[in-house]
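Structure first, commentary second.
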Amino acid sequence: MMKLPQHDSAASLIIVCKACTAKCRMVFEPESGNLKGNKCPRGEAFAKAYHPDAVKIRTYLVPVENGHMKRMALRTEVPIGESLSEIIEAALKPAAVKAPVEAGATVFRNVGGSGVDLIATRKMPARSSVKTPGSD
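Put into structure tokens, the structure is as follows:
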């Protein structure tokens, strides 16, 4: 979240909507209640519910190498705010998890220098290396 310079006490907020894949950059003016930049009704609902200081457990999807599924969810070990979440998201862009992974295992430590560890939300077995007849 960034604050735009204002002469009054209620600064406008730039919010990146996460309600759909468009990721609209919206500008919300708390004093007037005006919202600009949302391309769908979900953006308006997201902005109304948005709280920049909300501290909660966050979940991220990361690619899996040699797993039964292409991606898996990881969650933060502790509740964090939006600013730390953005740091973690950026640090995870080039990352991938190598299967097998046990549910509850710490997969990444101190992600992006945030001091936050990420934990597997489920078990992710490795793909079977057993060859089937005719697969040579």
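Here the sequence shown stands for residues 2 to 137, where the numbers follow the working numbering. The beta-carbon is built from N, C-alpha and C at its ideal position, and this holds for glycine as well.
### Message
At the level of alpha carbons, what is the spacing between lysine 37 and alanine 127?
### Response
For the purposes of this step, residue 37 is identified with residue 36 of the sequence shown, where counting begins at 1. For the purposes of this step, residue 127 is identified with residue 126 of the sequence shown, where counting begins at 1. Approximately 46 Å, taken between the alpha carbons.
### Buried versus exposed call for valine 131 [16 or more other C-beta atoms within 10 Å across all chains shown]
Your numbering for residue 131 matches position 130 in the sequence shown. Reliability fails at valine 131, whose pLDDT of 45 lies under 50, so the model's placement of it is uncertain and the value that follows must be treated cautiously. By the 10 Å Cβ count, valine 131 comes out exposed.
### Task
Report the residue from Pro31, Gly44, Phe109 and Lys40 whose alpha carbon sits nearest the alpha carbon of valine 63.
Counting from 1 along the sequence shown, the entry for residue 63 is found at position 62. Checked all of Pro31, Gly44, Phe109 and Lys40; the closest Cα to valine 63 is Phe109.
### Query
With a CB to CB cut of under 8 Å and the five nearest residues on each side skipped, what residues in its chain are close to isoleucine 120?
Within the sequence shown, numbered from 1, the residue matching residue 120 stands at position 119. Here the set comprises Leu75, Arg76, Thr77, Glu78, Gly105, Ala106, Thr107 and Val108.
### valine 112 and alanine 92 closer than 8 Å at C-beta
Here residue 112 corresponds to residue number 111 of the sequence shown, with the count starting at 1. Here residue 92 corresponds to residue number 91 of the sequence shown, with the count starting at 1. Yes, the Cβ-Cβ distance between valine 112 and alanine 92 is below 8 Å.
#### Entry: For arginine 72, three-class secondary structure by DSSP
Taking the sequence shown and counting its residues from 1, one reaches residue 72 at position 71. Residue state, collapsed to three classes: strand.
### Query
Looking at C-alpha atoms only, which residue of Gly68, Ser115, Cys41 and Ile58 is the closest neighbour of alanine 100?
Your numbering for residue 100 matches position 99 in the sequence shown. Per the Cα distances, Gly68.
### Enclosing alpha helix (DSSP H) for alanine 20 [first to last residue]
What you label residue 20 is simply residue 19 of the sequence shown in a count that begins at 1. No alpha helix (DSSP H) holds alanine 20; DSSP gives it neither H nor E.
### Message
Within a Cβ cutoff of 7 Å, which residues of the same chain sit near cysteine 21, ignoring the five residues on either side of it in sequence?
### Response
Within the sequence shown, residue 21 is the residue found at index 20, counting from 1. So the qualifying residues of the chain are Cys41 and Arg43.
### Query
What number of angstroms, rounded off, separates the C-alpha of arginine 59 from the C-alpha of proline 80?
Locating residue 59 in the sequence shown gives position 58, counting from the first residue. Locating residue 80 in the sequence shown gives position 79, counting from the first residue. Using only the alpha carbons, I get a separation of about 7 Å.
### Query
Would you report the Cα separation of threonine 122 and valine 102, rounded to the nearest angstrom?
By 1-based counting over the sequence shown, the position of residue 122 is 121. By 1-based counting over the sequence shown, the position of residue 102 is 101. Approximately 10 Å, taken between the alpha carbons.
#### Entry: Check whether aspartate 118 and glycine 82 have beta carbons under 8 Å apart
Residue numbering aside, residue 118 sits at position 117 when the sequence shown is read from its first letter. Residue numbering aside, residue 82 sits at position 81 when the sequence shown is read from its first letter. The answer is no: Cβ separation not under 8 Å.
### Message
With a threshold of 7 Å on Cβ separation, who are the neighbours of glutamate 30 within its own chain once the five nearest residues in sequence on each side are excluded?
### Response
In the sequence shown, counting from the first residue as 1, residue 30 sits at position 29. Excluding positions up to five away in sequence, the list reads Ser13.
### Query
In angstroms, rounded to a whole number, what distance separates the CA positions of asparagine 35 and alanine 23?
Along the sequence shown, read from residue 1 onward, the residue named residue 35 stands at position 34. Along the sequence shown, read from residue 1 onward, the residue named residue 23 stands at position 22. Answer to the nearest angstrom: the Cα atoms are 20 Å apart.
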